[in-house]
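See below for the structure under consideration.
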Amino acid sequence: MKPQPPLGFSTRAIHAGEESPHQHRPITIPIYQTATFSFQDTQELWDYYAGTSGRIAEYGRYGNPTTAALQQKLCALEGAEMCELFPSGMNALTTAILHLCKAGDELIMTDDNYRGSRKFIERYIGKYQIDFRFCETTIQCIKAAVTAKTRLIITEIPTNPCLRVLAINELATFCRQKGIFLLVDATFATPYNLRPLEYGVDIVLHSATKYLGGHNDLIAGALLGRREIMEPLKQFHGLLGGCIDPNTSYLLLRSLKTFALRMQHTNESALAIARFLQNHPKIEKVYYPLLETHEDFPTAQRLLTGGGGIVTFLVKGDLEEATRCVDALKIATIAPSLGGAESLAHVVSAMTYHDMSREERQAAGIKDNMIRYAVGLEDVQDLIDDLQQALSQV
Ligand SMILES: Cc1ncc(COP(=O)(O)O)c(C=O)c1O
């Protein structure tokens, strides 16, 4: 079924892309576990290359019917013309950077971003003579960092771990005027809470490992955007070779049918947890975009349907108190990642930033008493009771 704008989000999440080409008409899309696709005769091959055969691909690295259904579904949810899928969110990011930037170009990334993205830029893009700079997550700082060589700006919404929410509409207008590509990693927002393309962003990135997958059981990534940007990227992607596996595409298709329900639950639970923590005597500060006390609350309220599932907070004390709190949790598990059914939590400086000195962490805005809590699908009262008992041990 083609995505049709009057249909609701859940209807699109369930039906878009799911028209079965299979003769037995299964209700779900089969997993096309095949490396290559056959042709009846050479004429059919010519028809395929002319784009008149209705066939998706001649070889599995360039496309797959299970993956094509997922691409169609994600386009319908994100409001995109094209979607490319990758074996990880990082592979989506690295492919986009290598495709959009050339030697002599400059890339700007906001500072409160996923550390893996930052590490790739810091460690590797100099090899390709691409310059880079990091700047504070504000429109003013980004504008001030731009030079004549700036080709690409990368930011996240909300950011990680402080959940900053930039006015991406304003940023997109600025980028268009300057001829700069704007890539927004909207993994934390998801298309349920925000569709950045509607605000003029060029490319949206998702670590599909998180809410799109939703069950902590797969790794995948996606890039979405307008045809004129995505078509050349698709060509580059096919030869760079990071193709998603059809089994993973199937799992994502299945997960997306419950996506709206999961996100609604997650948004509600996370806001309740953020409010609970905000009123707790052992808490120094809570970062959640839809709390009135968050520095970007007005922008978040304007742009986001919900605040998403990450709640970051500072316990009163230091690394020791934060560690005691996380270690005492009985429901949330200590692990990186987010977006699955299971709640996960960690002391930020002990996980993602473990290899930095205390001074380096502080310069990066990471406080030792900072905990990142990824709200799962458990009963919210159980999660609150669990946090209550863990905090009582601080
Ligand atoms: C915001 C964000 N973007 C990108 C990534 C990378 O995604 P993946 O782990 O699927 O490669 C992550 C991973 O945690 C992330 O949190």
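Residues 0 to 393 in numbering that gives the first Met the number 0 are what the sequence shown lists, from first letter to last. Ideal Cβ positions, reconstructed from N, Cα and C, are used throughout, including at glycine.
query: Whose C-alpha, out of 63, 41, 297 and 238, is nearest the C-alpha of residue 400?
result: Given a span of 0 to 393 for the chain in the structure shown, any question on residue 400 remains unanswerable.
- prompt: Going along the chain, which unbroken runs of the beta strand (DSSP E) with 3 or more residues stay wholly within the segment 188 to 228?
  reply: Runs found: 202 to 206 and 220 to 224.
Among 97, 222 and 301, nearest to residue 185 - alpha-carbon criterion: 222
message: Assuming contact is defined by CB atoms lying nearer than 8 Å, are residue 16 and residue 75 in contact in what I supplied?
response: Yes; because the gap between Cβ atoms is below 8 Å, this pair is in contact.
task: Kindly examine ligand 1 and report whether one of its heavy atoms sits closer than 7 Å to the Cβ of residue 159.
output: yes
field: Near ligand 1: residue 77 beta-carbon under 7 Å from a heavy atom
entry: Checking the Cβ of residue 77 against ligand 1 gives no.
query: According to the neighbour-count rule (16 or more other Cβ atoms, all chains shown, within 10 Å of its Cβ), is residue 22 buried or exposed?
result: Looking at its Cβ environment, which holds fewer than 16 other Cβ atoms inside 10 Å, residue 22 is exposed.
task: Examine ligand 1 and report whether any of its heavy atoms sits within less than 7 Å of the Cβ of residue 372.
output: no
field: Host alpha helix (DSSP H) of residue 123 (start-end)
entry: 114 to 123
message: ligand 1 and residue 110: does the residue's C-beta get closer than 7 Å to at least one heavy atom of that ligand?
response: no
- request: Specify whether the segment 196 to 210 and the segment 76 to 92 touch according to this definition: at least 3 beta carbon pairs, one from each stretch, less than 8 Å apart.
  value: At 8 Å Cβ cutoff, the stretches touch.
- prompt: Counting Cβ pairs, one atom from each stretch, are 3 or more of them under 8 Å apart for the segment 114 to 124 and the segment 93 to 102?
  reply: Touching, yes.
- prompt: Do the segment 337 to 348 and the segment 282 to 290 meet, that is, are 3 or more Cβ pairs less than 8 Å apart?
  reply: no
field: Beta-carbon gap between residue 374 and residue 346 smaller than 8 Å
entry: no
task: Taking all protein chains shown into account, decide if residue 192 is buried (16 or more other Cβ within 10 angstroms of its Cβ) or exposed.
output: buried
- request: Report, in whole angstroms, the separation of the C-beta atoms of residue 109 and residue 154, which I expect to be a contact under 8 Å.
  value: 4 Å
field: Limits of the unbroken alpha helix (DSSP H) element including residue 184
entry: Element bounds for residue 184: not the alpha helix (DSSP H) but the beta strand (DSSP E), 180 to 184.
field: residue 352 Cβ short of 7 Å to ligand 1 heavy atom set
entry: Between ligand 1 and the CB of residue 352, the shortest heavy atom gap is not smaller than 7 Å.
- request: Please report the residue range of the beta strand (DSSP E) in which residue 372 lies.
  value: 369 to 373
field: Supposed contact pair residue 181 and residue 196 - C-beta distance, whole angstroms, cut 8 Å
entry: Between residue 181 and residue 196 the Cβ distance is about 10 Å, and since that is not below 8 Å, they are no contact.
query: Anyone know if the C-beta pair for residue 352 and residue 363 falls short of 8 Å?
result: yes
- request: Answer yes or no: the CB of residue 208 versus the heavy atoms of ligand 1, is any distance below 7 Å?
  value: yes
- prompt: So does residue 153 have its beta carbon nearer than 7 Å to some heavy atom of ligand 1?
  reply: no
message: For a quick check, are the C-beta atoms of residue 178 and residue 148 less than 8 Å apart?
response: At least 8 Å separates the beta-carbon of residue 178 from that of residue 148.
- request: Mark residue 360 as exposed unless 16 or more other C-beta atoms lie within 10 angstroms of its C-beta, in which case mark it buried.
  value: Around the beta carbon of residue 360, a 10 Å sphere encloses 16 or more other beta carbons of the protein chains shown; the residue is thus reported as buried.
- request: With a threshold of 16 other CB atoms inside 10 Å of the CB of residue 333, please say whether the residue is buried or exposed.
  value: Exposed.
Beta strand (DSSP E) runs wholly inside the segment 236 to 297, at least 3 long, in chain order: 282 to 286
field: DSSP bridge partner residues for residue 89 (one or two, in chain order)
entry: According to DSSP, which records beta bridges pairwise, residue 89 is partnered with nothing at all.
query: Just the Cα atoms here: how many angstroms apart are residue 322 and residue 328?
result: 10 Å
- prompt: Using the C-alpha atoms, what's the distance from residue 5 back to residue 245?
  reply: 30 Å
message: Within a Cβ cutoff of 6 Å, which residues of the same chain sit near residue 249, ignoring the five residues on either side of it in sequence?
response: So the qualifying residues of the chain are 30 and 65.
- prompt: Do residue 251 and residue 219 come within 8 Å of each other at the CB atom, strictly closer than that value?
  reply: yes
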